[in-house]
C-alpha cells in the first residue's frame, strides 16, 4: 500500500490525483455501507445465537424444576442474561453506522470474548447453578456419613468454582482462570453421578 501510494504520487499530477480522489469517493461510500450491512448481519447472528442459548437454558431450568430442584439461582442467571441481551439487541438496532454497530457488538458477550469487561460467562454460571441445585436435592436423600462426605466434597468443588468465577467477574478469562473455574465444575458432576 505504501509503495502504491508513493508510485501514484510521483506518477500523476495534481489533476490526476484530484480525479482519483473524486472517483474513489463513491467507492468508499459503498464500502462503508457494505461494512455496515455486514456488521448488521453479524450482530443479527449473535443475537440469534444468544436467543438459542437462552432457550436451551430455560428448557434445562424448567426440566430441573419439574424434577423438584430449587432453580431460583439458575432462573436469576437466565433473567439477568436476558435483560443484558435485550440491552444488546436495542444497542444493535439503534446503531446508525458501522462504528456504532461495532461499539454495540463490543458492548456485551454472553460467554467470553469481549476485550473490555463485558463478559457474562453464561455457560460457567449456569453450570454452577445447575450443579448447586442438583447437589441441594441430593444432599437430603441420604444421611449416612459416607454419602454426606461425598456431598461435602462436591459442595467444596462447587464453592471453589464459584469463587474462581467471582474473581474473574465480567473480565475475560486470563491465565489459568478458565481452567480454575471449569476444573472445579467437572468433579462435582462426577461425584453426583
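Residue numbers (this note's numbering): 9 to 201.
Note that beta-carbon positions come from the ideal geometry of N, C-alpha and C, so glycine has one too.
A quick note: this is a predicted structure, and the numbers were derived from the prediction, not measured.
| message | Assuming residue 165 and residue 192 are in contact, meaning their beta carbons sit under 8 Å apart, how far apart are those beta carbons, in whole angstroms? | response | As a position in the chain shown, residue 165 is number 157, starting the count at 1. As a position in the chain shown, residue 192 is number 184, starting the count at 1. Right, their Cβ atoms sit about 5 Å apart.
| query | Is it right to say residue 29 is buried, meaning 16 or more other beta carbons lie within 10 angstroms of its own, or is it exposed? | reply | Within the chain shown, residue 29 is the residue found at index 21, counting from 1. So residue 29 counts as exposed.
| message | If contacts are defined as beta-carbon pairs under 8 Å, then residue 83 and residue 144 qualify, I think. What distance do you get, rounded to the angstrom? | response | Your numbering for residue 83 matches position 75 in the chain shown. Your numbering for residue 144 matches position 136 in the chain shown. The Cβ separation is near 14 Å, so there is no contact.
| field | Beta-carbon proximity list for residue 48, same chain, < 7 Å, skipping 5 on both sides | value | Numbered from 1 along the chain shown, position 40 holds the residue referred to as residue 48. Cβ neighbours of residue 48 beyond the five flanking positions: 109.
| Are the segment 96-115 and the segment 137-151 in contact at 8 Å, needing three or more beta carbon pairs? | no
| request: Report the residue ranges of all alpha helix (DSSP H) runs contained in full by the segment 122-160; include only those spanning at least 4 residues, in chain order. | output: 130-147
| query | Tell me which same chain residues have a C-beta within less than 7 Å of the C-beta of residue 85, skipping the five on either side of it? | reply | For the purposes of this step, residue 85 is taken as the residue at position 77 of the chain shown. Answer for residue 85: 133, 134 and 137, listed in chain order.
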